[in-house]
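Engineer:
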Amino acid sequence: MVREQIVIEPDGVIEAPEKIGLVVHLQKIIFSQKVHLQNLSVLVFVNFLVAGLGFLTRVKIANTLGKEGFGLLAYGLVLGRYAGTLVRFGLDRTLVRDLVHYPKRFGELVTASLILRGSMFILVLIGLLIWKFLEGPETELTWALFIVIIAHFVVSLDLQATYDSWHKMSRHAVYRLIQRLCYLGCVWGLVLFVPGKLNILWIGALMLGSVVLYLSLQYNWAFKRIDFKNISVSLIKTACRMGRGNLWIWLAAMGCLSFGSLNQLILKHYSGTAELGGYAAAWQIVAIAMLLLTQISRVGNPATARITRKDSNQSARIRFLTKYSVVMFVVAAPVGIAALICPELIITLLFRPEYASAASVMRIMGIYIMVFSLGLIASQYVVSAHLEKIYFTTVIVGGILSITLCLVLIPRMAGYGSALALLIAHGASMGLYWVVMIQHVRKQR
């Protein structure tokens with residue numbers, strides 16, 4: 301009879317070899333993922349802090365401005381989102397992939413991306429000025445709203461993809477934290493010391509100032525570490541090639557706005573800024589989970605780019621996608637379930653009584669955020685696998701469905717119809733991403 305061998309540790313604790321093997325295995329896993337865990341822990345900490353402070357600030361702004369004023373601010377942010385998507389030209393979805401796939405062209409790709417985005421920034425700015433002056437004093441594009449829009453899309457010139465490809469997400473997150481603390485601190489300074497002065501103009505000015513600081517911090521650190529001297533190709537030509545290569549992704553990104561942004565513009569058109577304000581208030585709850593999902597996806601995006609390379613096999617892809625999906629859903633579920641079960645309680649605790657009608661909208665948003673958590677993974681995979689045309693097609697299908705549902709549901713159901721259109725249309729599009737991803741993984745060996 302063979303007796304089980306035991307090991308006596310110096311501190312007198314007796315460990316069985318199976319237990320030691322398990323501990324060593326776990327240690328190896330943790331050590332192998334040390335960089336990812338460090339980045340993720342910093343991102344989670346920073347974004348919990350930013351999300352908490354930002355949420356309280358947005359609630360205060362909503363209660364200070366009222367539904368009408370908060371709806372007008374939300375309108376400016378939607379326009380800023382459109383402008384930002386125009387400026388990015390799809391690079392927020394593909395630049396990390398390109399930097400990971402072609403590391404020897406790092407300086408060339410970063411510079412060309414800035415040339416492309418800078419050109420688009422100038423064109424969008426000119427377009428906004430033309431709109432402002434052509435409509436004259438009667439335009440709804442006030443100077444206050446104009447500044448909000450600029451503050452929202454100037455951030456499209458950032459270097460997030462550069463930091464992500466370097467696995468320097470934690471440093472980038474610290475810069476983001478500095479930016480948010482400056483903005484939030486100034487807003488609360490106005491609230492506490494000059495309570496009657498908080499308005500859209502001040503909010504826009506503070507947003508713009510903090511974003512300029514944010515970009516300065518990024519550029520100052522990154523430019524010292526990028527080799528620009530050995531670039532021997534025409535950067536203008538590279539930027540043009542990058543633009544052509546990103547055309548389908550860019551069009552798809554514009555199409556994606558038909559889910560979460562165009563429905564708000566249609567809602568404002570049919571139901572007014574007050575109804576949009578209620579919708580925006582309900583969205584603030586979901587935005588907490590959305591922020592965390594976005595930060596986790598920053599860690600997942602370079603990893604997705606690596607597992608879609610030709611040297612990655614099917615089993616590796618399945619393991620990664622399974623773990624990634626579980627993490628994303630676990631993050632989204634608490635917020636989603638709370639919004640689904642007790643929306644009235646959440647709304648009445650946080651907002652003025654005039655926002656109470658947004659409870660039904662929040663319930664739909666709770667379902668949406670859980671669906672979105674899984675859809676984000678599939679969309680990253682499709683882009684990383686260079687399936688741009690398929691990605692574009694799925695977005696267009698969902699976009700057409702979104703517009704149709706908005707035009708049918710919003711006139712009848714106002715904010716609730718807008719949320720329902722978002723859930724159905726974007727959910728359908730994300731479902732198609734998953735079908736494409738599963739089919740693509742099955743073909744790998």
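Heads up, the final residue of the sequence shown is numbered 745 in this note's numbering, and it's a clean run with no missing numbers. Ideal placement from N, C-alpha and C gives every residue a C-beta, glycine not left out. These figures come from a predicted structure and were not determined experimentally.
#1: By a C-beta neighbour count over all protein chains shown, 10 Å radius and 16 as the cutoff for buried, is Ser702 buried or exposed?
#2: Which whole-angstrom value is the C-beta distance of Ala461 and Leu395, which I expect to be below 8 Å?
#3: With DSSP collapsed to three states, give me the class of His325.
#4: If you scan the region 556-583 from start to end, which runs of the alpha helix (DSSP H) of 4 or more residues do you find wholly inside it?
#5: Quick check: Ala580 and Val635, are their CB atoms within less than 8 Å of each other?
#6: Is the beta carbon of Leu720 closer than 8 Å to that of Ile664?
#7: Using DSSP with H/G/I as helix, E/B as strand and the rest coil, what is Gly731?
#8: Counting only the same chain and skipping the five closest in sequence on each side, list residues whose C-beta sits under 8 Å from that of Phe692.
#9: Does the beta-carbon of Val735 have 16 or more other beta-carbons within 10 angstroms, so that it is buried, or is it exposed?
#10: Where Val630 and Arg609 are concerned, what is the direct C-alpha to C-alpha distance, given to the nearest angstrom?
#11: With a threshold of 7 Å on Cβ separation, who are the neighbours of Ile449 within its own chain once the five nearest residues in sequence on each side are excluded?
#12: Evaluate Tyr733 with the Cβ neighbour count: other Cβ atoms within 10 Å of its Cβ, from every protein chain shown; 16 or more gives buried, anything less gives exposed.
#13: Please report the residue range of the alpha helix (DSSP H) in which Asp398 lies.
#14: Output the distance between the C-alpha atoms of His472 and Thr538, rounded to the nearest integer angstrom.
#15: Under the rule that 16 or more other beta-carbon atoms within 10 Å means buried, what is Leu391, buried or exposed?
#16: For the alpha helix (DSSP H) holding Trp502, just list the boundary residues, first then last.
#17: With distances taken between CB atoms, is the gap from Gly504 to Ala451 smaller than 8 Å?
#18: Could one say the Cβ of Gly578 lies closer than 8 Å to chain B's Cβ atoms, at least one of them?
#19: Could you give the distance in angstroms between the alpha-carbon of His740 and the alpha-carbon of Tyr681?
#20: Cutting at 8 Å between CB atoms, please list the residues of its own chain near Val671, excluding the five before and the five after it.
#21: What would DSSP say about Leu379, mapped onto helix, strand or coil?
#22: In three-state DSSP terms, what is Cys706?
#23: Are the region 433-447 and the region 561-569 touching, with three or more C-beta to C-beta distances below 8 Å?
#24: Measure the C-alpha to C-alpha separation of His746 and Ser612 and round it to an integer number of angstroms.
#25: Does the region 474-488 come close enough to the region 505-520 to have 3 or more Cβ pairs within less than 8 Å?
#26: Cα-Cα, which of Val359, Ala656, His467 and Arg544 is closest to Ser413?
#27: Mapping the DSSP letters down to three states, classify Ala685 as helix, strand or coil.
#28: Is it buried or exposed, Phe523, if we count other Cβ atoms within 10 angstroms and call 16 or more buried?
#29: When DSSP labels each residue in this structure, what does Val661 get in the three-state scheme?
#30: Quick check on the DSSP output: what are the complete alpha helix (DSSP H) runs of length 4 or more inside the region 385-463, in order along the chain?
#31: Just the C-alpha distance for Asn601 and Ile447, rounded to the nearest angstrom, thanks.
#32: Please state the DSSP three-state secondary structure of Thr752.
#33: Look up Cys642 in the DSSP assignment and say whether it is helix, strand or coil.
#34: Just to confirm my understanding: we take Ala571, look at its own chain, exclude 5 residues before and 5 after, and list those with CB closer than 6 Å. What are they?
#35: Does the Cβ-Cβ distance between Met662 and Ile641 come in under 8 Å?
#36: Give the single residue among Asn363, Val708, Ile426 and Cys540 whose Cα lies nearest to the Cα of Pro495.
Structural biologist: From the atom records:
#1: For the purposes of this step, residue 702 is taken as the residue at position 402 of the sequence shown. Ser702 is buried by the Cβ-count criterion.
#2: Residue 461 sits at position 161 when you count from the first residue of the sequence shown. Residue 395 sits at position 95 when you count from the first residue of the sequence shown. Contact flag correct, Cβ pair sits at about 4 Å.
#3: Reading the sequence shown from its first residue, position 25 is the one you call residue 325. Since pLDDT at His325 reaches only 47, below the 50 mark, its modelled position is unreliable, and the value read off the structure follows with that caveat. Three-state DSSP puts His325 in a helix.
#4: 562-571
#5: The residue given as residue 580 occupies position 280 in the sequence shown. The residue given as residue 635 occupies position 335 in the sequence shown. For Ala580 and Val635, no; Cβs fall outside 8 Å.
#6: Working through the sequence shown from its first residue, we reach residue 664 at position 364. Working through the sequence shown from its first residue, we reach residue 720 at position 420. Their beta carbons are under 8 Å apart, which means Ile664 touches Leu720 by this criterion.
#7: Position 431 of the sequence shown, counted from the start, is the residue given in the question as residue 731. If DSSP states are grouped into helix, strand and coil, Gly731 belongs with the helices.
#8: Sequence index remark: in the sequence shown, residue 692 carries index 392 (1-based). Closer than 8 Å at Cβ, skipping near neighbours: Trp548, Ile549, Leu551, Ala552 and Gly555.
#9: Sequence index remark: in the sequence shown, residue 735 carries index 435 (1-based). Val735 should be labelled exposed.
#10: Position 330 of the sequence shown holds residue 630. Position 309 of the sequence shown holds residue 609. Their backbone Cα atoms lie some 27 Å apart in a straight line.
#11: Locating residue 449 in the sequence shown gives position 149, where the first residue counts as 1. Answer for Ile449: Gly376, Leu379, Gly380, Ala383 and Leu428, listed in chain order.
#12: On the sequence shown, residue 733 is found 433 positions in, with the first residue counted as 1. Looking at its Cβ environment, which holds 16 or more other Cβ atoms inside 10 Å, Tyr733 is buried.
#13: To locate residue 398, count along the sequence shown from 1; it is residue 98. Leu391 to His401 is the span of the alpha helix (DSSP H), which, as asked, contains Asp398.
#14: Within the sequence shown, numbered from 1, the residue matching residue 472 stands at position 172. Within the sequence shown, numbered from 1, the residue matching residue 538 stands at position 238. When rounded, the distance between both Cα atoms is 26 Å.
#15: Against the sequence shown, residue 391 aligns to sequence position 91. Per the 10 Å Cβ criterion, buried.
#16: For the purposes of this step, residue 502 is identified with residue 202 of the sequence shown, where counting begins at 1. Start and end: Ile500 to Ala522.
#17: The residue you call residue 504 lines up with position 204 of the sequence shown. The residue you call residue 451 lines up with position 151 of the sequence shown. Closer than 8 Å, so yes.
#18: In the structure shown, chain B does not exist; there is a single protein chain.
#19: Start at 1 with the first residue of the sequence shown, and residue 740 comes out as number 440. Start at 1 with the first residue of the sequence shown, and residue 681 comes out as number 381. Near 10 Å, if we compare the C-alpha coordinates of Tyr681 and His740.
#20: Start at 1 with the first residue of the sequence shown, and residue 671 comes out as number 371. For Val671, where only same-chain residues beyond five positions count, the Cβ hits under 8 Å are Leu723, His726, Gly727 and Met730.
#21: To locate residue 379, count along the sequence shown from 1; it is residue 79. If DSSP states are grouped into helix, strand and coil, Leu379 belongs with the helices.
#22: Translated into positions along the sequence shown, residue 706 becomes position 406. If DSSP states are grouped into helix, strand and coil, Cys706 belongs with the helices.
#23: no
#24: Nothing in the structure corresponds to residue 746, since the chain is present only between 301 and 745.
#25: yes
#26: Within the sequence shown, residue 413 is the residue found at index 113, counting from 1. For Ser413, the nearest C-alpha among the options comes from Arg544.
#27: Numbered from its first residue, the sequence shown carries residue 685 at position 385. Three-state result, Ala685: coil.
#28: Indexing the sequence shown from 1 puts residue 523 at position 223. By the 10 Å Cβ count, Phe523 comes out exposed.
#29: Taking the first residue of the sequence shown as position 1, residue 661 is located at position 361. Helix, per DSSP.
#30: 391-401, 406-435 and 443-453
#31: Position 301 of the sequence shown, counted from the first residue, corresponds to residue 601. Position 147 of the sequence shown, counted from the first residue, corresponds to residue 447. Approximately 31 Å between the Cα atoms of the pair.
#32: Outside the shown range of the chain (301 to 745) lies residue 752, about which nothing can therefore be said.
#33: Your numbering for residue 642 matches position 342 in the sequence shown. Cys642 falls in the coil class under three-state DSSP.
#34: Indexing the sequence shown from 1 puts residue 571 at position 271. Note that residue 571 is Ser in the sequence shown here, rather than Ala. Contacts found: Ala714.
#35: Residue mapping note: residue 662 aligns to position 362 of the sequence shown, counting from 1. Residue mapping note: residue 641 aligns to position 341 of the sequence shown, counting from 1. No, Cβ-Cβ distance for Met662 and Ile641 is not below 8 Å.
#36: Along the sequence shown, read from residue 1 onward, the residue named residue 495 stands at position 195. Nearest C-alpha to Pro495: Asn363.
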